[in-house]
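Novice: Take this structure first; my questions come after.
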Amino acid sequence: MTQDQINNLLVDLASKGKTVCRLKGGDPFVFGRGGEEALHLVEAGIQWEVVPGISSTIAAPAYAGIPATQRGMATSLTIVTGSEDPQKPDSTINWDALAAMPGTLVFVMAWNNLNDIVAALSIRGVPGERPAALIQWGTTARQRVVTGPISKIAEMGAQLDMGPPVALVIGEVTGLREAMAWFDTKPLFGRRILVTRARSQASKLVKKLEDLGADVLEYPSIRIVPLRNTKPLDKALENIAKYDWMVLTSSNAVRGVADRMIDLGIDSRVFAHMKFAVNGPSTAKALSELGITADLMPSRYLASELVNSLTKEEPTPKNVLFPRSEIGRETLAKGLRHMGSTVDEVTAYSTESPGDTGELATKAYEEGVDFTTFTSSSTVKNLVDLMGGNPDLINTSKTVIIGPITSETARELGVNVDLQAEEQSTDGIVKAITKHLE
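The number in my numbering is simply the position in the sequence shown, starting from 1, with 7 added.
Structure representation (C-alpha coordinates):
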(Lines of atoms letter the chains of each structure in order from A and count residues from 1; the text may use other names and numbers.)
(Lines give C-alpha, C1' and ligand atoms only; values in the text may rest on other atoms or scores of the structure.)
Protein backbone atom coordinates (compact mmCIF):
# COMPACT_ATOMS: atom_id res chain seq x y z
CA MET A 1 0.00 0.00 0.00
CA THR A 2 1.14 3.54 -0.67
CA GLN A 3 1.33 6.05 2.17
CA ASP A 4 -1.74 7.86 0.81
CA GLN A 5 -3.68 4.58 0.82
CA ILE A 6 -2.63 3.95 4.43
CA ASN A 7 -3.68 7.46 5.46
CA ASN A 8 -7.07 7.07 3.80
CA LEU A 9 -7.61 3.60 5.29
CA LEU A 10 -7.00 4.92 8.81
CA VAL A 11 -9.58 7.66 8.28
CA ASP A 12 -12.06 5.30 6.64
CA LEU A 13 -11.93 2.74 9.45
CA ALA A 14 -12.05 5.33 12.22
CA SER A 15 -14.99 7.10 10.52
CA LYS A 16 -16.94 3.85 10.76
CA GLY A 17 -16.60 3.95 14.54
CA LYS A 18 -13.82 1.39 14.78
CA THR A 19 -10.92 1.60 17.20
CA VAL A 20 -7.83 1.37 15.03
CA CYS A 21 -4.33 0.33 16.11
CA ARG A 22 -1.59 1.31 13.67
CA LEU A 23 1.44 -0.79 14.53
CA LYS A 24 4.91 0.39 13.58
CA GLY A 25 8.45 -0.75 14.20
CA GLY A 26 10.58 1.52 16.36
CA ASP A 27 9.14 4.93 17.18
CA PRO A 28 6.27 6.22 15.02
CA PHE A 29 7.64 9.75 14.97
CA VAL A 30 11.28 8.93 14.16
CA PHE A 31 11.45 8.19 10.42
CA GLY A 32 8.23 6.25 10.83
CA ARG A 33 5.92 8.64 8.92
CA GLY A 34 3.72 8.70 11.98
CA GLY A 35 3.55 12.49 11.81
CA GLU A 36 2.07 12.37 8.30
CA GLU A 37 -0.60 9.93 9.40
CA ALA A 38 -1.39 11.95 12.52
CA LEU A 39 -1.84 15.17 10.51
CA HIS A 40 -4.14 13.35 8.09
CA LEU A 41 -6.28 12.27 11.05
CA VAL A 42 -6.28 15.82 12.43
CA GLU A 43 -7.51 17.17 9.09
CA ALA A 44 -10.32 14.58 9.14
CA GLY A 45 -11.32 15.58 12.68
CA ILE A 46 -10.43 12.19 14.14
CA GLN A 47 -8.99 11.89 17.64
CA TRP A 48 -5.79 9.94 18.00
CA GLU A 49 -2.99 9.20 20.42
CA VAL A 50 0.57 7.93 20.07
CA VAL A 51 2.47 5.39 22.12
CA PRO A 52 6.21 6.16 21.83
CA GLY A 53 8.49 3.31 20.88
CA ILE A 54 12.19 2.57 21.04
CA SER A 55 13.74 3.90 17.85
CA SER A 56 16.06 1.67 15.87
CA THR A 57 18.44 4.63 15.78
CA ILE A 58 19.39 3.90 19.38
CA ALA A 59 18.23 0.28 19.72
CA ALA A 60 20.41 -1.12 16.93
CA PRO A 61 23.63 0.45 18.26
CA ALA A 62 22.74 -0.68 21.80
CA TYR A 63 22.30 -4.29 20.63
CA ALA A 64 25.63 -4.00 18.84
CA GLY A 65 27.33 -2.96 22.08
CA ILE A 66 27.68 0.65 20.94
CA PRO A 67 26.34 3.38 23.26
CA ALA A 68 24.96 6.31 21.29
CA THR A 69 26.50 8.72 23.79
CA GLN A 70 29.34 8.29 26.26
CA ARG A 71 30.66 10.77 28.79
CA GLY A 72 34.03 12.15 27.71
CA MET A 73 33.65 10.64 24.24
CA ALA A 74 30.32 11.62 22.67
CA THR A 75 27.99 14.15 24.27
CA SER A 76 25.73 14.65 21.25
CA LEU A 77 23.75 12.39 18.95
CA THR A 78 22.64 13.32 15.43
CA ILE A 79 20.18 11.11 13.56
CA VAL A 80 19.95 11.34 9.77
CA THR A 81 18.00 9.50 7.10
CA GLY A 82 20.26 7.59 4.79
CA SER A 83 17.64 7.20 2.10
CA GLU A 84 18.19 10.67 0.65
CA ASP A 85 20.76 10.88 -2.13
CA PRO A 86 23.61 13.15 -0.96
CA GLN A 87 24.14 14.28 -4.56
CA LYS A 88 20.60 15.62 -4.86
CA PRO A 89 20.88 19.39 -5.54
CA ASP A 90 17.96 20.31 -3.30
CA SER A 91 18.95 18.07 -0.38
CA THR A 92 17.43 19.06 2.95
CA ILE A 93 20.46 17.63 4.78
CA ASN A 94 23.16 20.11 5.77
CA TRP A 95 26.21 18.01 4.95
CA ASP A 96 28.66 20.75 5.93
CA ALA A 97 27.14 20.87 9.41
CA LEU A 98 27.16 17.08 9.71
CA ALA A 99 30.83 16.87 8.76
CA ALA A 100 31.70 19.39 11.46
CA MET A 101 29.39 17.84 14.05
CA PRO A 102 31.09 16.32 17.11
CA GLY A 103 29.68 13.26 18.84
CA THR A 104 27.84 10.39 17.18
CA LEU A 105 26.18 10.31 13.76
CA VAL A 106 23.58 7.63 13.02
CA PHE A 107 22.30 7.15 9.47
CA VAL A 108 19.30 4.85 9.17
CA MET A 109 18.32 3.13 5.90
CA ALA A 110 21.91 3.76 4.87
CA TRP A 111 22.87 0.83 2.67
CA ASN A 112 21.74 1.92 -0.79
CA ASN A 113 23.47 5.31 -0.51
CA LEU A 114 26.36 4.19 1.68
CA ASN A 115 29.20 5.06 -0.71
CA ASP A 116 27.67 8.46 -1.44
CA ILE A 117 27.20 9.20 2.28
CA VAL A 118 30.84 8.38 2.99
CA ALA A 119 31.98 10.45 0.01
CA ALA A 120 29.82 13.43 1.02
CA LEU A 121 31.38 13.46 4.48
CA SER A 122 34.90 12.81 3.19
CA ILE A 123 34.98 15.75 0.78
CA ARG A 124 33.85 17.96 3.65
CA GLY A 125 36.81 17.02 5.80
CA VAL A 126 35.79 13.95 7.79
CA PRO A 127 39.03 11.96 8.17
CA GLY A 128 39.09 8.49 6.63
CA GLU A 129 40.26 6.90 9.87
CA ARG A 130 37.21 8.06 11.85
CA PRO A 131 35.67 4.95 13.49
CA ALA A 132 32.40 3.65 12.05
CA ALA A 133 30.10 0.64 12.21
CA LEU A 134 27.48 -0.99 10.03
CA ILE A 135 24.61 -2.80 11.75
CA GLN A 136 22.38 -5.06 9.67
CA TRP A 137 19.08 -6.38 11.04
CA GLY A 138 19.79 -4.71 14.37
CA THR A 139 18.19 -6.15 17.54
CA THR A 140 17.24 -9.41 15.79
CA ALA A 141 18.88 -12.83 15.86
CA ARG A 142 19.98 -12.11 12.27
CA GLN A 143 22.02 -9.10 13.40
CA ARG A 144 25.44 -8.63 11.83
CA VAL A 145 27.93 -5.91 12.74
CA VAL A 146 31.18 -4.73 11.22
CA THR A 147 33.40 -1.95 12.54
CA GLY A 148 36.29 -0.13 10.91
CA PRO A 149 37.47 3.22 9.56
CA ILE A 150 34.83 5.13 7.64
CA SER A 151 36.95 5.05 4.49
CA LYS A 152 36.81 1.23 4.46
CA ILE A 153 33.39 0.58 5.99
CA ALA A 154 31.46 0.22 2.72
CA GLU A 155 34.00 -2.24 1.37
CA MET A 156 33.90 -4.22 4.63
CA GLY A 157 30.11 -4.42 4.48
CA ALA A 158 30.21 -5.60 0.88
CA GLN A 159 32.71 -8.33 1.78
CA LEU A 160 30.16 -9.64 4.28
CA ASP A 161 27.45 -9.45 1.60
CA MET A 162 25.42 -7.08 3.75
CA GLY A 163 22.20 -5.52 2.49
CA PRO A 164 19.21 -3.53 3.76
CA PRO A 165 18.23 -2.84 6.47
CA VAL A 166 21.51 -1.30 7.61
CA ALA A 167 22.32 1.51 10.03
CA LEU A 168 25.59 3.42 9.76
CA VAL A 169 27.09 4.68 13.03
CA ILE A 170 30.01 7.12 12.92
CA GLY A 171 32.02 8.20 15.94
CA GLU A 172 34.44 7.17 18.64
CA VAL A 173 31.72 5.21 20.46
CA THR A 174 31.89 2.47 17.82
CA GLY A 175 35.26 1.48 19.27
CA LEU A 176 33.52 0.41 22.48
CA ARG A 177 31.91 -2.56 20.74
CA GLU A 178 34.98 -4.74 21.24
CA ALA A 179 34.51 -4.52 25.00
CA MET A 180 30.73 -4.14 25.16
CA ALA A 181 29.36 -6.61 22.60
CA TRP A 182 26.72 -8.58 24.51
CA PHE A 183 23.93 -9.67 22.20
CA ASP A 184 25.76 -11.42 19.38
CA THR A 185 28.04 -13.20 21.86
CA LYS A 186 25.19 -15.24 23.34
CA PRO A 187 25.67 -19.03 23.06
CA LEU A 188 22.88 -19.60 20.52
CA PHE A 189 23.21 -16.32 18.64
CA GLY A 190 22.44 -16.69 14.95
CA ARG A 191 21.29 -20.31 15.24
CA ARG A 192 17.98 -20.91 13.50
CA ILE A 193 15.85 -23.31 15.52
CA LEU A 194 12.49 -24.66 14.38
CA VAL A 195 10.09 -25.38 17.26
CA THR A 196 7.31 -27.83 16.43
CA ARG A 197 5.51 -27.77 19.77
CA ALA A 198 1.87 -26.68 19.97
CA ARG A 199 1.71 -22.88 20.00
CA SER A 200 -0.20 -22.88 23.29
CA GLN A 201 2.78 -24.59 24.95
CA ALA A 202 5.73 -23.36 22.94
CA SER A 203 6.18 -19.98 24.61
CA LYS A 204 8.45 -21.19 27.43
CA LEU A 205 10.74 -23.09 25.09
CA VAL A 206 10.78 -20.22 22.60
CA LYS A 207 11.65 -17.70 25.32
CA LYS A 208 14.47 -19.86 26.67
CA LEU A 209 15.98 -20.22 23.21
CA GLU A 210 15.54 -16.54 22.32
CA ASP A 211 17.09 -15.48 25.63
CA LEU A 212 20.20 -17.38 24.51
CA GLY A 213 20.22 -15.53 21.19
CA ALA A 214 18.55 -18.06 18.89
CA ASP A 215 16.50 -17.14 15.83
CA VAL A 216 13.38 -19.19 16.63
CA LEU A 217 10.93 -20.25 13.94
CA GLU A 218 7.62 -21.33 15.44
CA TYR A 219 6.04 -24.01 13.31
CA PRO A 220 3.58 -25.95 15.47
CA SER A 221 3.00 -29.36 13.90
CA ILE A 222 0.44 -30.22 16.56
CA ARG A 223 -2.55 -28.50 18.08
CA ILE A 224 -4.19 -29.34 21.42
CA VAL A 225 -7.96 -29.33 21.00
CA PRO A 226 -10.90 -29.78 23.41
CA LEU A 227 -12.02 -33.32 24.13
CA ARG A 228 -14.63 -34.53 21.70
CA ASN A 229 -16.12 -36.87 24.29
CA THR A 230 -15.62 -36.05 27.97
CA LYS A 231 -17.88 -38.76 29.37
CA PRO A 232 -15.20 -41.44 30.09
CA LEU A 233 -12.93 -38.97 31.92
CA ASP A 234 -15.88 -37.43 33.76
CA LYS A 235 -17.04 -40.87 34.87
CA ALA A 236 -13.56 -41.75 36.13
CA LEU A 237 -13.30 -38.52 38.13
CA GLU A 238 -16.77 -38.96 39.58
CA ASN A 239 -15.72 -42.45 40.73
CA ILE A 240 -12.20 -41.48 41.77
CA ALA A 241 -12.53 -43.28 45.13
CA LYS A 242 -12.05 -46.65 43.40
CA TYR A 243 -8.51 -45.84 42.22
CA ASP A 244 -5.27 -46.31 44.14
CA TRP A 245 -2.97 -44.60 41.64
CA MET A 246 -3.19 -42.04 38.86
CA VAL A 247 -0.47 -42.25 36.21
CA LEU A 248 0.26 -39.11 34.20
CA THR A 249 2.74 -39.02 31.34
CA SER A 250 2.38 -35.46 30.02
CA SER A 251 1.53 -31.98 31.20
CA ASN A 252 -1.31 -32.03 28.67
CA ALA A 253 -2.90 -34.93 30.54
CA VAL A 254 -2.62 -32.99 33.80
CA ARG A 255 -4.28 -29.95 32.24
CA GLY A 256 -6.97 -32.12 30.68
CA VAL A 257 -7.83 -33.56 34.09
CA ALA A 258 -7.74 -30.10 35.67
CA ASP A 259 -10.13 -28.69 33.06
CA ARG A 260 -12.69 -31.42 33.71
CA MET A 261 -12.34 -30.94 37.50
CA ILE A 262 -13.32 -27.30 37.08
CA ASP A 263 -16.32 -28.13 34.91
CA LEU A 264 -17.44 -30.86 37.32
CA GLY A 265 -17.01 -28.63 40.36
CA ILE A 266 -14.49 -30.84 42.16
CA ASP A 267 -11.07 -30.00 43.61
CA SER A 268 -7.87 -31.81 44.55
CA ARG A 269 -9.23 -32.95 47.93
CA VAL A 270 -10.92 -35.86 46.14
CA PHE A 271 -7.45 -37.31 45.50
CA ALA A 272 -6.44 -37.47 49.18
CA HIS A 273 -6.62 -41.27 49.30
CA MET A 274 -4.52 -42.00 46.22
CA LYS A 275 -0.99 -41.66 44.87
CA PHE A 276 0.35 -40.07 41.71
CA ALA A 277 3.06 -41.34 39.36
CA VAL A 278 4.55 -39.13 36.65
CA ASN A 279 7.06 -39.78 33.89
CA GLY A 280 9.23 -36.68 34.22
CA PRO A 281 9.81 -33.20 35.69
CA SER A 282 7.56 -31.31 33.26
CA THR A 283 4.59 -33.47 34.21
CA ALA A 284 5.50 -33.20 37.89
CA LYS A 285 5.61 -29.42 37.62
CA ALA A 286 2.20 -29.27 35.93
CA LEU A 287 0.81 -31.50 38.70
CA SER A 288 2.32 -29.29 41.39
CA GLU A 289 0.37 -26.35 39.97
CA LEU A 290 -2.75 -28.19 41.18
CA GLY A 291 -1.24 -28.38 44.66
CA ILE A 292 -0.35 -32.05 44.26
CA THR A 293 3.14 -33.49 44.70
CA ALA A 294 4.01 -36.55 42.64
CA ASP A 295 4.63 -39.63 44.77
CA LEU A 296 6.75 -41.36 42.17
CA MET A 297 8.95 -40.34 39.23
CA PRO A 298 11.46 -42.76 37.67
CA SER A 299 15.08 -41.72 37.20
CA ARG A 300 14.78 -42.54 33.50
CA TYR A 301 11.71 -41.26 31.73
CA LEU A 302 10.63 -44.46 29.97
CA ALA A 303 7.34 -46.35 30.15
CA SER A 304 9.19 -49.50 31.21
CA GLU A 305 11.00 -47.59 33.97
CA LEU A 306 7.71 -46.17 35.20
CA VAL A 307 6.23 -49.68 35.36
CA ASN A 308 9.29 -50.98 37.22
CA SER A 309 9.23 -48.08 39.67
CA LEU A 310 5.53 -48.55 40.33
CA THR A 311 5.85 -52.24 41.01
CA LYS A 312 8.79 -51.63 43.36
CA GLU A 313 6.70 -49.06 45.22
CA GLU A 314 3.73 -51.40 45.35
CA PRO A 315 4.20 -54.94 43.98
CA THR A 316 0.70 -54.99 42.52
CA PRO A 317 -0.83 -51.53 42.13
CA LYS A 318 -4.49 -52.51 42.24
CA ASN A 319 -6.57 -49.93 40.44
CA VAL A 320 -4.83 -47.42 38.19
CA LEU A 321 -6.35 -44.48 36.36
CA PHE A 322 -4.34 -43.51 33.28
CA PRO A 323 -5.52 -40.25 31.65
CA ARG A 324 -3.72 -39.93 28.33
CA SER A 325 -3.76 -38.78 24.74
CA GLU A 326 -6.16 -40.52 22.43
CA ILE A 327 -3.23 -41.63 20.24
CA GLY A 328 -0.68 -42.63 22.89
CA ARG A 329 1.29 -45.88 22.99
CA GLU A 330 0.04 -48.97 24.82
CA THR A 331 3.37 -49.90 26.45
CA LEU A 332 2.65 -48.50 29.90
CA ALA A 333 -0.88 -49.83 30.27
CA LYS A 334 0.14 -53.27 29.00
CA GLY A 335 3.07 -53.38 31.41
CA LEU A 336 0.87 -52.57 34.40
CA ARG A 337 -1.76 -55.11 33.39
CA HIS A 338 0.97 -57.70 33.02
CA MET A 339 1.88 -57.01 36.66
CA GLY A 340 -1.71 -57.71 37.69
CA SER A 341 -3.11 -54.18 37.87
CA THR A 342 -6.51 -53.07 36.68
CA VAL A 343 -5.92 -50.08 34.40
CA ASP A 344 -8.60 -47.71 33.17
CA GLU A 345 -7.32 -45.70 30.21
CA VAL A 346 -9.29 -42.53 29.52
CA THR A 347 -8.66 -39.79 27.01
CA ALA A 348 -7.69 -36.55 28.75
CA TYR A 349 -6.83 -34.49 25.68
CA SER A 350 -6.94 -34.63 21.91
CA THR A 351 -4.43 -33.50 19.33
CA GLU A 352 -4.64 -32.76 15.66
CA SER A 353 -2.46 -31.57 12.84
CA PRO A 354 -2.71 -27.82 12.27
CA GLY A 355 -3.80 -28.54 8.71
CA ASP A 356 -0.96 -26.57 7.12
CA THR A 357 0.27 -27.52 3.66
CA GLY A 358 3.88 -27.62 4.80
CA GLU A 359 4.97 -24.81 2.47
CA LEU A 360 6.26 -22.61 5.30
CA ALA A 361 8.30 -25.44 6.79
CA THR A 362 9.69 -26.35 3.38
CA LYS A 363 10.75 -22.75 2.79
CA ALA A 364 12.36 -22.57 6.23
CA TYR A 365 14.45 -25.68 5.61
CA GLU A 366 15.45 -24.50 2.15
CA GLU A 367 16.68 -21.22 3.68
CA GLY A 368 18.52 -23.16 6.39
CA VAL A 369 17.54 -24.52 9.81
CA ASP A 370 20.23 -25.46 12.32
CA PHE A 371 18.10 -27.41 14.81
CA THR A 372 14.58 -28.88 14.85
CA THR A 373 13.04 -29.62 18.25
CA PHE A 374 10.50 -32.38 18.89
CA THR A 375 8.65 -32.65 22.20
CA SER A 376 6.37 -35.62 21.46
CA SER A 377 5.83 -38.42 18.98
CA SER A 378 2.90 -36.49 17.53
CA THR A 379 5.09 -33.52 16.64
CA VAL A 380 7.38 -35.84 14.66
CA LYS A 381 4.56 -37.68 12.89
CA ASN A 382 2.70 -34.53 11.95
CA LEU A 383 5.76 -32.67 10.66
CA VAL A 384 6.76 -35.63 8.49
CA ASP A 385 3.18 -35.82 7.19
CA LEU A 386 3.21 -32.08 6.43
CA MET A 387 6.45 -32.60 4.49
CA GLY A 388 4.71 -35.13 2.28
CA GLY A 389 5.99 -38.13 4.22
CA ASN A 390 9.59 -37.37 3.26
CA PRO A 391 11.96 -36.54 6.15
CA ASP A 392 14.91 -35.52 3.93
CA LEU A 393 14.53 -31.76 4.48
CA ILE A 394 14.07 -32.26 8.22
CA ASN A 395 17.33 -34.22 8.25
CA THR A 396 19.23 -31.26 6.81
CA SER A 397 18.99 -29.86 10.34
CA LYS A 398 20.09 -31.46 13.58
CA THR A 399 17.12 -32.87 15.45
CA VAL A 400 16.76 -32.36 19.19
CA ILE A 401 14.35 -34.82 20.79
CA ILE A 402 12.85 -34.68 24.25
CA GLY A 403 13.08 -38.35 25.16
CA PRO A 404 13.51 -41.99 24.08
CA ILE A 405 9.90 -42.65 23.10
CA THR A 406 9.86 -39.69 20.74
CA SER A 407 13.29 -40.76 19.45
CA GLU A 408 11.92 -44.22 18.67
CA THR A 409 9.07 -42.67 16.69
CA ALA A 410 11.54 -40.47 14.80
CA ARG A 411 13.68 -43.44 13.78
CA GLU A 412 10.61 -45.36 12.62
CA LEU A 413 9.74 -42.43 10.33
CA GLY A 414 13.27 -42.00 8.97
CA VAL A 415 14.06 -38.87 10.97
CA ASN A 416 17.61 -38.68 12.30
CA VAL A 417 18.06 -38.58 16.07
CA ASP A 418 21.03 -36.25 16.47
CA LEU A 419 20.51 -35.05 20.04
CA GLN A 420 18.32 -36.45 22.82
CA ALA A 421 17.67 -34.48 25.98
CA GLU A 422 19.13 -36.04 29.12
CA GLU A 423 16.27 -34.48 31.09
CA GLN A 424 12.86 -34.98 29.50
CA SER A 425 11.80 -31.33 29.54
CA THR A 426 12.17 -28.10 27.61
CA ASP A 427 15.16 -27.28 29.83
CA GLY A 428 16.66 -30.57 28.73
CA ILE A 429 16.21 -29.63 25.08
CA VAL A 430 17.93 -26.28 25.60
CA LYS A 431 20.79 -27.91 27.51
CA ALA A 432 21.26 -30.50 24.75
CA ILE A 433 21.68 -27.77 22.15
CA THR A 434 24.04 -25.60 24.19
CA LYS A 435 26.13 -28.62 25.22
CA HIS A 436 26.43 -29.69 21.59
CA LEU A 437 27.74 -26.25 20.63
CA GLU A 438 30.29 -25.96 23.44
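Backbone N, C-alpha and C fix where the C-beta goes; we use that ideal spot for every residue, glycine too.
Give the list of continuous beta strand (DSSP E) stretches no shorter than 3 residues that lie fully inside the stretch 308–391.
Specialist: Whole beta strand (DSSP E) segments, 3+ residues: 326–332, 349–359 and 378–381.
Novice: Can you tell me whether residue 229 is buried or exposed, with buried defined as 16 or more other CB within 10 angstroms of its CB?
Specialist: Residue 229 should be labelled buried.
Novice: In chain order, what residues of the same chain have a beta carbon less than 8 Å from the beta carbon of residue 357, not counting five sequence neighbours either side?
Specialist: Contacts found: 231, 232, 233, 234, 235, 332 and 333.
Novice: For my contact list, residue 325 and residue 251 are in at a C-beta cut-off of 8 Å; report their separation, rounded to the angstrom.
Specialist: Residue 325 to residue 251, Cβ: 5 Å. Contact.
Novice: Judging by CA-CA distance, which residue of 35, 280, 186 and 254 is the nearest neighbour of residue 314?
Specialist: Among 35, 280, 186 and 254, the Cα nearest to that of residue 314 belongs to 254.
Novice: My guess is that residue 175 and residue 121 are in contact by the Cβ rule of under 8 Å, so how many angstroms apart are they, rounded?
Specialist: Indeed, because the Cβ distance is near 7 Å, the residues count as touching under 8 Å.
Novice: Could you give the distance in angstroms between the alpha-carbon of residue 422 and the alpha-carbon of residue 405?
Specialist: Rounded to whole angstroms, residue 422 to residue 405 spans 10 Å at the Cα level.
Novice: Among 56, 124 and 182, which residue has its Cα nearest to the Cα of residue 504?
Specialist: Only positions 8 to 445 of the chain appear in this structure, which leaves residue 504 out of reach.
Novice: Does residue 44 pass the burial test, meaning 16 or more other C-beta atoms within 10 Å, or should it be called exposed?
Specialist: The residue in question, residue 44, is buried, as its Cβ has 16 or more Cβ neighbours within 10 Å.
Novice: Suppose only complete runs of 3+ residues qualify. What are the beta strand (DSSP E) ranges in the stretch 135–215, listed by chain order?
Specialist: Segments of the beta strand (DSSP E) lying fully in the stretch 135–215: 138–143, 151–156, 173–177 and 199–202.
Novice: Look up residue 427 in the DSSP assignment and give the residues it is bridged to.
Specialist: 408.
Novice: What does residue 231 pair with, by DSSP beta-bridge criteria?
Specialist: Bridge partners of residue 231: 358.
Novice: Classify residue 86 as helix, strand or coil using the three-state DSSP reduction.
Specialist: It is a strand residue.
Novice: Rank 381, 388 and 400 by C-alpha distance to the C-alpha of residue 427 and give the top, closest one.
Specialist: Closest option to residue 427, Cα to Cα, is 381.
Novice: Run the CB neighbour count on residue 397, radius 10 Å, all protein chains shown included, and call it buried at 16 or more, exposed below.
Specialist: Result: exposed.
Novice: Can you give the Cα-Cα distance for residue 425 and residue 257, rounded to whole angstroms?
Specialist: Computed Cα separation, rounded: 23 Å.
Novice: Please check the pair residue 219 and residue 441, which I expect to be a contact at CB under 8 Å, by giving their CB distance rounded to whole angstroms.
Specialist: Rounded, the Cβ-Cβ distance is 7 Å, consistent with contact.
Novice: Out of 70, 90 and 415, state which residue places its alpha-carbon closest to the alpha-carbon of residue 39.
Specialist: Minimum Cα distance to residue 39 is reached at 90.
Novice: Leaving out five residues before and five after residue 136 in sequence, what residues of the same chain have Cβ atoms less than 8 Å from its Cβ?
Specialist: So the qualifying residues of the chain are 156, 157 and 158.
Novice: Helix or strand or just coil, what does DSSP make of residue 283?
Specialist: Note: residue 283 maps to strand in three-state DSSP.
Novice: Residue 9: buried (16+ other C-beta within 10 angstroms of its C-beta) or exposed?
Specialist: Counting Cβ neighbours within 10 Å, residue 9 comes out exposed, since fewer than 16 surround it.
Novice: If you draw a straight line from the C-alpha of residue 366 to the C-alpha of residue 407, how long is it?
Specialist: Distance between the alpha carbons of residue 366 and residue 407 is about 22 Å.
Novice: Compute the minimum distance between the beta carbon of residue 133 and the heavy atoms of the ligand SAH, and state whether it is under 6 Å.
Specialist: No copy of the ligand SAH appears in this structure; indeed no ligand is present at all.
Novice: Which residue's Cα is closest to the Cα of residue 244: 275, 225 and 192?
Specialist: Residue 244 has its Cα closest to that of 275, out of 275, 225 and 192.
Novice: At which residues does the alpha helix (DSSP H) containing residue 225 begin and terminate?
Specialist: Residue 225 -> not in any alpha helix (DSSP H); beta strand (DSSP E) instead, spanning 222–225.
Novice: In chain order, what residues of the same chain lie with their CB nearer than 7 Å to the CB of residue 340, ignoring the 5 residues before and after it?
Specialist: Excluding sequence neighbours, residue 340 sits near 329, 350 and 352.
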